[in-house]
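Worksheet: one structure, shown below.
Residue numbers (the working numbering): 904 to 1351.
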């Protein structure tokens, strides 16, 4: 994946939302409930960064850029995560003592493959005593072939074909963890079931994205998908009221590729909501934030906005399958210094004060943090994490299930771990500038 610098000369401060238009006085929805307000954190350590450097590992492979790291949020008693670097998928555990321990490594026989995206799914286990759900890691990249496997025993391997070019992002339905979506260079988003190697639905076409789809995410209800594209647009696709898609998901649950003919995917040519008024460059990361959306561009900036009226609880405003919602209203703009390259992903963790953060890296070894409880959001980040052990270019960050661990990964094959200040484990010995541990030979053995 080649780096792309922004060619826009406009500053992030010049970005504005489209003005509100007259939409009538009658409303066919109930007003959204008031968000619970915790108030900002005011403890004695409120001025200190919430996360502290713990350790790091370096993956030494020919293509040594880590494009994705993803924690498994379905396993509650361990913090397992997968990393994508070159043609390797590695499984790690973030140990309670602060270390990062490799558990498994999967290498693609195609040396030209380069993985860009990871997501975790689960399927109901059959015939395994005492096990209700099986963890499945799904990963894809340059070739466009999506792969899945149980990385703990190397079983249940599958390949999902259909995309005509690279896969840039993957996301899992939070309400149905066996359903996932993929965003591709072939201008489409596809919906999949872990058990079925053919796509359930294809989102795109004449009125879809006009360039690569770089990012995809599910709403917390599983009823909406948001996508960001190189054509500068952010789109929402409503699937909860699409009976054909819902029927296809239910049917796929009972197939497990029984050898019959591949089902014909449902085609969706029209997004439910769309805006191109927020960004003037590639939209390389989007995520739902309740019924609002956070979108990031390499302008460089992030925008918190909503489709439709502010008091409308729908994530897509008045949009339907036949008519797009185009009104987008900005709540906050967040500046991202030194983030002109595309494919730099942010992450969000939700929680009470001091435990709710938006995090993103940049090109100069910095992780910027915004406190989700300090509203309105400030243009500049509330905290900046800097350390010589961070990757030079931070491509991706991710939080564990509780938000106590933050990973930052990117160039140099580097994965850096930060721990929440109040739960900081015993700190491992830090490598010196010469790369040596005190009294030990150069480097560290890697467990296989």
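Just so you know, even glycine gets a beta-carbon here, dropped at the ideal spot from N, CA and C.
If you're wondering where the values come from, they're calculated on a predicted model, not measured in any experiment.
Rounded to whole angstroms, what is the Cα-Cα separation between residue i and residue j?
i            : j            : result
residue 1308 : residue 1209 : 29 Å
residue 1275 : residue 949  : 14 Å
residue 933  : residue 1214 : A caution first: residue 933 carries a pLDDT of 48, below 50, which makes its placement in the model unreliable, though a value can still be read off. Near 8 Å, if we compare the C-alpha coordinates of residue 1214 and residue 933.
residue 1371 : residue 1278 : Residue 1371 lies beyond the residue range present for the chain, which begins at 904 and ends at 1351; the question has no answer from this structure.
residue 1145 : residue 1256 : 38 Å
residue 1285 : residue 1253 : 16 Å
residue 1097 : residue 1082 : 6 Å
residue 983  : residue 1042 : 15 Å
residue 1058 : residue 1118 : 28 Å
residue 1318 : residue 1221 : 42 Å
residue 1165 : residue 1052 : 21 Å
residue 958  : residue 1003 : 8 Å
residue 1115 : residue 1108 : 12 Å
residue 1070 : residue 1044 : 5 Å
residue 1190 : residue 1232 : 16 Å
residue 1354 : residue 1251 : With the chain covering only 904 through 1351, there is no way to say anything about residue 1354.
residue 1206 : residue 1147 : 33 Å
residue 1287 : residue 1066 : 38 Å
residue 993  : residue 1212 : 44 Å
residue 1295 : residue 1132 : 25 Å
residue 956  : residue 1223 : 46 Å
residue 1034 : residue 1168 : Caution applies to residue 1034, whose pLDDT of 49 falls short of 50 and renders its modelled position unreliable; the value that the coordinates give is listed next. If I take the Cα positions, the gap works out to 32 Å.
residue 960  : residue 1001 : 12 Å
residue 1124 : residue 1078 : 6 Å
residue 1076 : residue 1024 : 9 Å
residue 1304 : residue 1064 : 30 Å
Where do the N-terminal and C-terminal ends of the beta strand (DSSP E) with residue i fall, by residue?
i            : result
residue 1148 : Not the beta strand (DSSP E): residue 1148 falls in the alpha helix (DSSP H), residues 1146-1155.
residue 1131 : 1127-1132
residue 949  : Run containing residue 949: none; DSSP gives neither H nor E here.
residue 961  : 954-961
residue 1038 : 1036-1044
residue 1326 : First-last for residue 1326: undefined, no H or E at that position.
residue 1281 : Element bounds for residue 1281: n/a, residue is neither H nor E.
residue 1291 : Run containing residue 1291: none; DSSP gives neither H nor E here.
residue 1138 : 1137-1141
residue 1004 : 1003-1010
residue 1177 : 1176-1178
residue 895  : A question about residue 895 goes unanswered here, because the residues of the chain that appear run from 904 up to 1351.
residue 980  : Element bounds for residue 980: n/a, residue is neither H nor E.
residue 1389 : The requested residue 1389 does not occur in the structure, where the chain is confined to residues 904 to 1351.
residue 1355 : Beyond the ends of the chain as shown, which are 904 and 1351, falls residue 1355; an answer cannot be given.
residue 1073 : 1070-1075
Since I believe residue j is in contact with residue i (beta carbons under 8 Å), could you give me their beta-carbon distance rounded to a whole number of angstroms?
i            : j            : result
residue 1188 : residue 1248 : 5 Å
residue 985  : residue 1054 : 7 Å
residue 1103 : residue 1130 : At roughly 16 Å, the Cβ-Cβ gap does not stay under 8 Å, so residue 1103 and residue 1130 are not in contact.
residue 1354 : residue 973  : One cannot answer for residue 1354 here, as it falls past the ends of the chain, which runs 904 to 1351.
residue 1106 : residue 1074 : In fact, because the Cβ distance is near 13 Å, the residues do not count as touching under 8 Å.
residue 1088 : residue 1068 : 4 Å
residue 1085 : residue 1049 : 6 Å
Does the Cβ of residue i have 16 or more other Cβ atoms within 10 Å, making it buried, or fewer, making it exposed?
i            : result
residue 1193 : exposed
residue 1323 : buried
residue 1170 : exposed
residue 1325 : exposed
residue 1185 : buried
residue 1138 : buried
residue 1321 : buried
residue 1110 : exposed
residue 1180 : buried
residue 1022 : buried
residue 1056 : exposed
residue 1154 : exposed
residue 1374 : No information on residue 1374 is available, as it lies outside the stretch 904 to 1351 that the chain covers here.
residue 926  : For residue 926, the predicted model reports a pLDDT of 47, less than 50, meaning its position is unreliable; a value from the coordinates is still stated below. Residue 926 should be labelled exposed.
residue 1282 : exposed
residue 1150 : exposed
residue 1291 : exposed
residue 1060 : exposed
residue 979  : exposed
residue 1015 : exposed
residue 1157 : exposed
residue 1080 : buried
residue 1141 : buried
residue 1182 : buried
residue 1218 : buried
residue 1046 : buried
Original post:
Are at least three pairs of beta-carbons, each pair with one atom in the stretch 1011-1022 and one in the stretch 985-996, less than 8 Å apart?
Top reply: yes
**OP:** Report yes or no: do three or more beta-carbon pairs, one from the stretch 1223-1233 and one from the stretch 1174-1185, lie closer than 8 Å?
**Re:** yes
Original post:
Three or more beta-carbon pairs under 8 Å between the stretch 1237-1251 and the stretch 1197-1206, yes or no?
Top reply: yes
Subject >> At least 3 beta-carbon pairs within less than 8 Å: the stretch 1257-1271 vs the stretch 956-964 >> reply: no
Original post:
Can at least three beta-carbon pairs, one atom from the stretch 968-977 and one from the stretch 1311-1320, be found at a separation below 8 Å?
Top reply: yes
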